[in-house]
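Chemist:
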Amino acid sequence: MAEGGRHRRRIRVALPLSAAALAAAVAGALLMSSADAATPLPTPTVKPGTSSPTLSELEQRIAGALAGDDTAGETTSKSSFAADTTGSTVDAKIIGGTETTLTSAPWMAQLWYHDDEGTTDESDDLGFFCGGAVVSPTKILTAAHCVKGYDWHANGAVVTGTSQLPTTDDAGSTDLHGGTVSGVWRQWNHSSFSTTTVDNDIAVLTLPAPITAQPIRMTTSNDTASYAAGTSAKVYGWGRTSSTSQNLSQTLKTATLPIQSDTTCATAFGTDFIKGHMVCAGNPAGGTDDTTVSPCNGDSGGPLVVNNRIVGIVSWGVLDCVAQGSYGVYSKVSSYVGAAYPRVDDTNLSGDHRADLFLRRDSDNTGFELDSKGTTFASRISWGNWAGVNLILQTDLNRDGYQDFVVRRSADGAVFWTHYVTATGQWATQQIFDNWKTRTRTVAPGDVTGDALPDLLSVDSGGYLWIYPGKGNGSFSTRVKVGSGWNQYNSLRGHGDFTGDGKADLIARSKSTSYVYLYKGTGKAGTGAFSSRIKVRTWSGYNAFDAPGDVTGDGRADFMARTPGGTLYLYPGTGKATSELFATRVTIGTGYQQYDIFA
1193 MAEGGRHRRR
1203 IRVALPLSAA
1213 ALAAAVAGAL
1223 LMSSADAATP
1233 LPTPTVKPGT
1243 SSPTLSELEQ
1253 RIAGALAGDD
1263 TAGETTSKSS
1273 FAADTTGSTV
1283 DAKIIGGTET
1293 TLTSAPWMAQ
1303 LWYHDDEGTT
1313 DESDDLGFFC
1323 GGAVVSPTKI
1333 LTAAHCVKGY
1343 DWHANGAVVT
1353 GTSQLPTTDD
1363 AGSTDLHGGT
1373 VSGVWRQWNH
1383 SSFSTTTVDN
1393 DIAVLTLPAP
1403 ITAQPIRMTT
1413 SNDTASYAAG
1423 TSAKVYGWGR
1433 TSSTSQNLSQ
1443 TLKTATLPIQ
1453 SDTTCATAFG
1463 TDFIKGHMVC
1473 AGNPAGGTDD
1483 TTVSPCNGDS
1493 GGPLVVNNRI
1503 VGIVSWGVLD
1513 CVAQGSYGVY
1523 SKVSSYVGAA
1533 YPRVDDTNLS
1543 GDHRADLFLR
1553 RDSDNTGFEL
1563 DSKGTTFASR
1573 ISWGNWAGVN
1583 LILQTDLNRD
1593 GYQDFVVRRS
1603 ADGAVFWTHY
1613 VTATGQWATQ
1623 QIFDNWKTRT
1633 RTVAPGDVTG
1643 DALPDLLSVD
1653 SGGYLWIYPG
1663 KGNGSFSTRV
1673 KVGSGWNQYN
1683 SLRGHGDFTG
1693 DGKADLIARS
1703 KSTSYVYLYK
1713 GTGKAGTGAF
1723 SSRIKVRTWS
1733 GYNAFDAPGD
1743 VTGDGRADFM
1753 ARTPGGTLYL
1763 YPGTGKATSE
1773 LFATRVTIGT
1783 GYQQYDIFA
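Taking our numbering, I'd label the letters of the sequence shown as residues 1193 to 1791.
#1: When the distance is taken between beta carbons, is residue 1496 closer than 8 Å to residue 1522?
#2: Can you tell me the Cα-Cα spacing of residue 1607 and residue 1351, whole angstroms?
#3: Enumerated in chain order, which unbroken segments of the beta strand (DSSP E) with a length of 3 residues or greater are wholly contained in the region 1583-1646?
#4: What does residue 1737 pair with, by DSSP beta-bridge criteria?
#5: Apart from the five residues on each side of it in sequence, which residues of its chain come closer than 6 Å, Cβ to Cβ, to residue 1784?
#6: Can you tell me whether residue 1356 is buried or exposed? The criterion is at least 16 other CB atoms within 10 Å of its CB, across all chains shown.
#7: I want to know whether the region 1243-1250 touches the region 1362-1377 - three or more CB-CB distances under 8 Å.
#8: Under DSSP, the beta strand (DSSP E) around residue 1683 begins and ends at which residues?
#9: With H, G and I counted as helix, E and B as strand and the rest as coil, what does DSSP make of residue 1416?
#10: Go to residue 1392, then tell me how far its beta strand (DSSP E) extends in each direction, as first and last residue.
#11: With a Cβ-Cβ cutoff of 8 Å, do residue 1346 and residue 1325 count as a contact?
#12: Please name the residue, chosen from 1733, 1679, 1773, that lies closest to residue 1748 on a Cα-to-Cα basis.
#13: How many Å lie between residue 1733 and residue 1701 at the Cα?
#14: Given 7 Å as the limit, tell me if residue 1562 has its C-beta closer than that to any heavy atom belonging to the ligand ADP.
#15: On a Cα-Cα basis, can you pick out the residue from 1627, 1319, 1312 that is closest to residue 1260?
#16: Spatial neighbours of residue 1414 within its chain, please: CB distance less than 8 Å, with the 5 preceding and 5 following residues excluded, ordered by chain position.
#17: Within this structure, are the beta carbons of residue 1335 and residue 1509 separated by less than 8 Å?
#18: Between the C-alpha atoms of residue 1391 and residue 1462, what's the straight-line distance to the nearest angstrom?
#19: Which residues mark the beginning and the end of the alpha helix (DSSP H) in which residue 1665 is found?
#20: From this set, 1453, 1771, 1682, 1344, which residue's C-alpha is nearest residue 1264's C-alpha?
#21: Hey, residue 1653 and residue 1632: beta-carbon distance below 8 Å or not?
#22: Check the DSSP bridge columns for residue 1659 and list the partner residues they point to.
#23: Would you call the region 1545-1561 and the region 1403-1419 touching, i.e. three or more CB-CB distances under 8 Å?
#24: Mapping the DSSP letters down to three states, classify residue 1314 as helix, strand or coil.
#25: Could you check whether the region 1588-1608 touches the region 1539-1555, counting it as contact only if at least three pairs of C-beta atoms, one from each stretch, sit closer than 8 Å?
#26: So is residue 1269 buried or exposed if we call it buried at 16+ other beta carbons inside 10 Å?
#27: DSSP state of residue 1234, grouped into three classes?
#28: Near residue 1756, which residues of its chain fall below 6 Å by C-beta distance, leaving aside the five closest residues on each side in sequence?
#29: In its own chain, which residues sit with a C-beta less than 6 Å from the C-beta of residue 1737, not counting the 5 before and 5 after it?
#30: Using beta-carbon positions only, say whether residue 1575 and residue 1584 come within less than 8 Å of one another.
#31: Considering only DSSP beta bridges, list what residue 1150 is partnered with.
#32: How about the region 1452-1468 and the region 1403-1412: do they share at least three Cβ pairs that are nearer than 8 Å?
#33: Which residues in the same chain have their Cβ closer than 7 Å to the Cβ of residue 1710, if we skip the five residues on either side of it in sequence?
#34: Identify every residue that forms a DSSP beta bridge with residue 1322.
#35: Helix, strand or coil for residue 1347, going by three-state DSSP, please let me know.
#36: For residue 1786, name the three-state secondary structure that DSSP assigns.
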């Protein structure tokens, strides 16, 4: 296995001098308080990150988008609800809606896109606006037609923390009205999104640093109540305020709409409405502004909310939004949470949308990153010396979009959280648990309890499995017992969602029979955290396992297994909660017997 290297740039985050000094002091204190002079902990040598545009650059993008006259994801068969921004003016309503405040929707995000095409000729500029929702500190949920085909890293800006759209003055200065502007690190849209049918219209943008806006959660895959006909839902956005004007609303607006049945939607739209992938809402449009309550252009990507959960994403509708008998159409989030969940919980090492491997070489304790290329891995990257620990887990306890490590010190069983601090460009380490030396298994599967915050699981010497509910900041609530008998397994692994329902699962292998079982997550704590086990394989020819997450990038968690001879295999996930949980194995390579820890 050849060694490789890569230069990674630090994120440029502007902080007041006093704030930067404080952040550096805190990071230093964490390192000093947790370090043990006799047994030093690993200090990662790789600094992840991406270049971030300056505030001036981001404001220029917003100004360019404000002057734009384009619509994202235009299609010949349907009217996208993305919008141009020409002539933006104050008018506090969705068509038929009412003005609302940021207190009611703190998770709302404005997505501004401007591409000057590298020329001074303004006639070829591309500029448009979409909405979105903050679903974690670095993740924005939006529509695929706002994302696919556009380079958001090079040309996008995301504004949060304000109910007002930005304005520019004659001097070209941009007023964010108290909001915060961020660049975009990376983008993902559903791989099956169709620009023709606007099917599978869901996307996620990842920001280069965490924001403080309060996130909102997606609904779950088994949510049917939210889609019952007549259910009251709310849509939010800054979109067009009239069918006869392209003007956007300067102030955030909302409307309350009834969910419609699939039959009603199909009657209105025929084959354009795809049952199971789409949902429509609202009373039938009356043909005029005064007789219609509907999202319109500019509301694309915004959330449809029931019981403080996103159940839909504003997708498409009829031209000018008020045609007699029509409805607004939304992506049905319950059908896509399985695909989107790995993107929201996407903290792989390389910063793309595929889970990577972290391994430690037994001979010299060197840690290595192996970046996924789908069904193969790139040349390894050294992370320096990782001696003194006997457990390494990849996770993201503070949900900042950068992969953290949970490690256990060999000498005394103390457990530490090592995480990258974007403000300082340094790694910080702090102790999170004492004396876990006798713990037989520890797993970082993601969100087990259903609160959208990453948790830890651990099996004690007596075979009891415990959930340690994460608080989203590297600390945990009081542990909760799941049950006993877990020491019958010689491997317990999990990182993400194996079944496609948006809930974290576990994979366990029996010591005595080598049977492999799926424990399907329920999103609950305690004894009901997992459904009854399902036998999915018999694996007697392996001596090491790993569950790094979605290696292939298809939205399903995958699994890895190593033979005593050192051959490593990838078992791609299928999303089926049956014996067909994994597809036919793919050979990754040989020589993996040299590694004693798979993170």
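Where a beta carbon is used, it is the ideal one built from N, C-alpha and C, also for glycine. Model, not experiment: these values are computed from the prediction.
Modeler: Taking the geometry as given:
#1: In this structure, residue 1496 lies closer than 8 Å to residue 1522 by Cβ.
#2: Each residue's Cα considered, the two are about 37 Å apart.
#3: Segments of the beta strand (DSSP E) lying fully in the region 1583-1646: 1596-1601, 1607-1613, 1618-1625, 1633-1638.
#4: In DSSP, residue 1737 forms a bridge with 1753.
#5: Same-chain partners within the cutoff: 1754, 1758, 1760.
#6: Buried, since its Cβ has 16 or more Cβ neighbours within 10 Å.
#7: Pairwise C-beta distances place the region 1243-1250 in contact with the region 1362-1377, as three or more of them are shorter than 8 Å.
#8: Segment 1681-1685, the beta strand (DSSP E) holding residue 1683.
#9: In the three-state DSSP reduction, residue 1416 falls in the coil class, being neither helix nor strand.
#10: Here residue 1392 belongs to no beta strand (DSSP E), and DSSP marks it neither H nor E.
#11: Annotated as distal: residue 1346 and residue 1325, with beta-carbon spacing of 8 Å or more.
#12: Comparing Cα positions, the closest option is 1773.
#13: When rounded, the distance between both Cα atoms is 12 Å.
#14: As for the ligand ADP, it is missing from this structure, which has no ligand bound.
#15: When each option's Cα is compared against that of residue 1260, the closest is 1319.
#16: 1526, 1693, listed in sequence order.
#17: A distance of 8 Å or more separates the beta carbons of residue 1335 and residue 1509.
#18: Straight-line measurement puts the Cα of residue 1462 at about 14 Å from the Cα of residue 1391.
#19: Looking at the DSSP string, residue 1665 is not in any alpha helix (DSSP H), and its letter there is neither H nor E.
#20: Ranking 1453, 1771, 1682, 1344 by CA distance to the CA of residue 1264 puts 1344 first.
#21: Yes. Within cutoff.
#22: Per DSSP, 1649, 1672.
#23: The region 1403-1419 and the region 1545-1561 do not touch, with fewer than three beta-carbon pairs separated by less than 8 Å.
#24: Judged by DSSP in its simplified three-state form, residue 1314 adopts helix.
#25: As far as the Cβ criterion goes, the region 1588-1608 touches the region 1539-1555, which means the pair count is three or higher.
#26: Note that residue 1269 scores 44 on pLDDT, short of 50, meaning its location in the model is unreliable and no value can be drawn from it.
#27: DSSP places residue 1234 in coil when its eight states are reduced to three.
#28: Only residues of its own chain outside the window of five on either side were considered, and among them 1735 have a CB closer than 6 Å to the CB of residue 1756, listed in chain order.
#29: 1683, 1685, 1753, listed in sequence order.
#30: Their beta carbons are not under 8 Å apart, which means residue 1575 does not touch residue 1584 by this criterion.
#31: Any answer about residue 1150 is impossible in this case: the structure gives the chain only from 1193 up to 1791.
#32: By the Cβ criterion, the region 1452-1468 is not in contact with the region 1403-1412, since fewer than three pairs of Cβ atoms, one from each stretch, lie closer than 8 Å.
#33: The beta carbon of residue 1710 sits closer than 7 Å to those of 1690, 1697, 1699, 1725, 1726, 1728, 1769, 1773, all from its chain and outside the five residues before and after it, given in chain order.
#34: 1303.
#35: In this structure, residue 1347 counts as helix in the three-state DSSP scheme.
#36: Annotated three-state conformation of residue 1786 is helix, per DSSP.
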